[in-house]
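Everything on this sheet refers to the single structure shown next.
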């Protein structure tokens, strides 16, 4: 990786100034909160789910430019997807979109906090709506291996 | 004390790390001294010398190198007693750092003394290490934790203290001598005076103060006093708890094991004398030796000179920073009331982004909540950027910081 300022390209700065899908979502079906103990980034993600599809999504909270940009991209990717598709979203789907594949280790948590929150929100929803306990166990395993 | 005879610029050659470059051949400008300081050759060499020439356990064996190790270990205790003006060396207990010192007090003093309904008072600008141990203790004992508030200038509101003391339920008031975020120097004499009048014990977290100014424990009149070696040129993993002997004698052991006992039988034991009652197990001998070398180094410079140097730098940095459009500095503008720590925010740019961009220019600052989330809540910010100085910093370092901030302004189109 070369200069540190390189990651702050136009798209990142734009997203950090004008995040998409930002704010509170009324009548959500599930909401989840998490924070990064190292830097204080703090994100809520709320989902509206109809027919096993994410029909609306909003994120709320405070974070650095990397965190805000990644949260924006994540919500854009997630909106309209089926729950199965959301389960399959991977970190490189976000990092690749913003050219952050080589982000250094200390900043990767800023980039992926929102993905962690989204997955946790999804698993919370599924745990409440699934009757197959085996499925819930495998979901928890998924969550544990997120980063 | 002779002043201004020290060439601080010359000291830099004692610190090998300051010669290295980072990120595309940039000079390392280290401005995170409130977190940990760099180490001079004298400290590094004293540690390798111990391992190379007289590595052995202390207080037990009779052979020659064990005697040398014991002497070096105990010599640091005397150096510390002298450095902070403590008369009785038995009151100096070696611990891992300030965090362990405070936890030791919360456990070994707090458990036998704190009862349901008692109050422990801390402040809004404490480090987590002076909050969480008291949360654990008060929750376990159904006691209460209360806070002395902070005004918008970053100074404590002592009326709050009066209010809590008036309940008659306060058992301990615990506070930092200098805030690790705002640099505020606490009005310690006033707090201790009030507590003494009320018959309440005081704990002073001096992690940010002892490295940067002359501190006289006897004059302070507190009951517990804690600081860390690594914030004052010494190695990590070694610190000091000082406590008044009459208080230490009312405390239960912290950890059980070797060296802290007098006699051990199948079902009961008796305890060693102070301070060894609180130093269970083989201690961190090498780093105690290194800590001694750090104290020698600082003693040679003179703490009044250290303070004077930092006041100069802080004054310069406050002026330069406030000239940058969009910089907001937290805490008092009165240099006599603050140490060499400056927390700031830069327009709407998150401190993590500031730190990352200026790191590209070789500048090391801290960004985040600085283990002071209660204070961040009080300031209503998620995080700040923080610069903090030590003896080897120069005005050129401040200039490099200011230049790098211009780069942030450019990237974020401020």
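Residue numbers (this note's numbering), protein chains in the order written: chain P, 121 to 267; chain G, 3 to 416. C-beta atoms are modelled at their ideal positions from N, C-alpha and C, and glycine is treated no differently.
Buried/exposed call for residue i, threshold 16 Cβ in 10 Å
i                      : result
residue 262 of chain P : exposed
residue 103 of chain G : buried
residue 193 of chain G : buried
residue 65 of chain G  : exposed
residue 176 of chain P : buried
residue 250 of chain P : exposed
residue 330 of chain G : exposed
residue 248 of chain G : exposed
residue 42 of chain G  : buried
residue 286 of chain G : buried
residue 270 of chain G : exposed
residue 35 of chain G  : buried
residue 126 of chain G : buried
residue 100 of chain G : buried
residue 160 of chain P : buried
residue 169 of chain G : exposed
residue 221 of chain G : exposed
residue 234 of chain P : buried
residue 386 of chain G : buried
Neighbouring residues, chain G, relative to residue i (Cβ below 8 Å)
i                      : result
residue 133 of chain P : 413, 414, 415
residue 227 of chain P : 354, 358
residue 230 of chain P : 354
Option nearest residue i by Cα separation, candidates the options
i                      : options                    : result
residue 214 of chain G : G/251, G/263, G/340        : G/340
residue 229 of chain P : G/126, G/115, G/354, G/179 : G/354
residue 349 of chain G : G/226, G/326, G/361        : G/326
residue 116 of chain G : G/275, G/400, G/101, G/143 : G/143
residue 164 of chain G : G/112, G/357, G/197        : G/197
residue 194 of chain P : P/223, P/220, P/209        : P/209
residue 162 of chain P : P/203, P/173, P/237        : P/237
residue 375 of chain G : G/9, G/212, G/183, G/100   : G/183
residue 121 of chain G : G/101, G/406, G/140        : G/140
residue 311 of chain G : G/324, G/275, G/323, G/337 : G/337
residue 405 of chain G : G/291, G/145, G/360        : G/360
residue 143 of chain P : P/207, P/182, P/155, P/205 : P/182
residue 148 of chain P : P/128, P/155, P/173        : P/173
residue 91 of chain P  : P/184, P/199, P/185        : With chain P covering 121 to 267 only, the question about residue 91 of chain P has no answer from this structure.
residue 291 of chain G : G/365, G/8, G/313, G/47    : G/47
Where residue i meets chain G, residues with beta-carbon distance less than 7 Å
i                      : result
residue 216 of chain P : In chain order: nothing, as chain G lies at least about 20 Å away.
residue 185 of chain P : 352, 355
residue 182 of chain P : 384
Rounded separation between residue i and residue j - CA only
i                      : j                      : result
residue 207 of chain G : residue 347 of chain G : 26 Å
residue 307 of chain G : residue 396 of chain G : 14 Å
residue 251 of chain G : residue 263 of chain G : 15 Å
residue 380 of chain G : residue 158 of chain P : 19 Å
residue 22 of chain G  : residue 40 of chain G  : 12 Å
residue 170 of chain P : residue 171 of chain G : 56 Å
residue 27 of chain G  : residue 125 of chain P : 15 Å
residue 204 of chain G : residue 244 of chain G : 12 Å
residue 94 of chain G  : residue 242 of chain P : 54 Å
residue 17 of chain G  : residue 218 of chain G : 28 Å
residue 401 of chain G : residue 362 of chain G : 15 Å
residue 418 of chain G : residue 76 of chain G  : Because chain G here runs from 3 to 416, residue 418 of chain G falls outside it and cannot be looked at.
residue 235 of chain G : residue 246 of chain G : 26 Å
residue 72 of chain G  : residue 105 of chain G : 26 Å
residue 160 of chain G : residue 231 of chain P : 42 Å
residue 152 of chain P : residue 206 of chain P : 15 Å
residue 188 of chain G : residue 201 of chain P : 55 Å
residue 128 of chain G : residue 367 of chain G : 20 Å
residue 344 of chain G : residue 314 of chain G : 13 Å
residue 83 of chain G  : residue 373 of chain G : 29 Å
residue 225 of chain G : residue 299 of chain G : 28 Å
Nonlocal neighbours in the same chain, by C-beta distance under 7 Å from residue i, ignoring five residues either side
i                      : result
residue 124 of chain G : 132, 133, 136, 147, 149, 176, 177
residue 85 of chain G  : 297, 301
residue 106 of chain P : What the structure shows of chain P is the stretch from 121 to 267, and residue 106 of chain P is not part of that stretch, so it cannot be assessed.
residue 13 of chain G  : 393, 394
Beta-carbon neighbours of residue i, restricted to chain P and to distances below 7 Å
i                      : result
residue 409 of chain G : 125
residue 370 of chain G : 158, 159, 160
Same chain, Cβ closer than 6 Å to residue i, five either side skipped, listed in chain order
i                      : result
residue 114 of chain G : 254
residue 130 of chain P : none
residue 128 of chain P : none
Within chain P, partners of residue i - CB distance below 9 Å
i                      : result
residue 137 of chain G : Under the 9 Å cutoff, chain P gives no residues; its nearest Cβ is about 16 Å from residue 137 of chain G.
residue 378 of chain G : 160
Own chain residues within Cβ distance below 8 Å of residue i, not counting five before or after
i                      : result
residue 334 of chain G : 155, 156, 157, 184, 186, 340
Proximity test, residue i beta-carbon vs the ligand SAM heavy atom, cut-off 7 Å
i                      : result
residue 315 of chain G : As for the ligand SAM, it is missing from this structure, which has no ligand bound.
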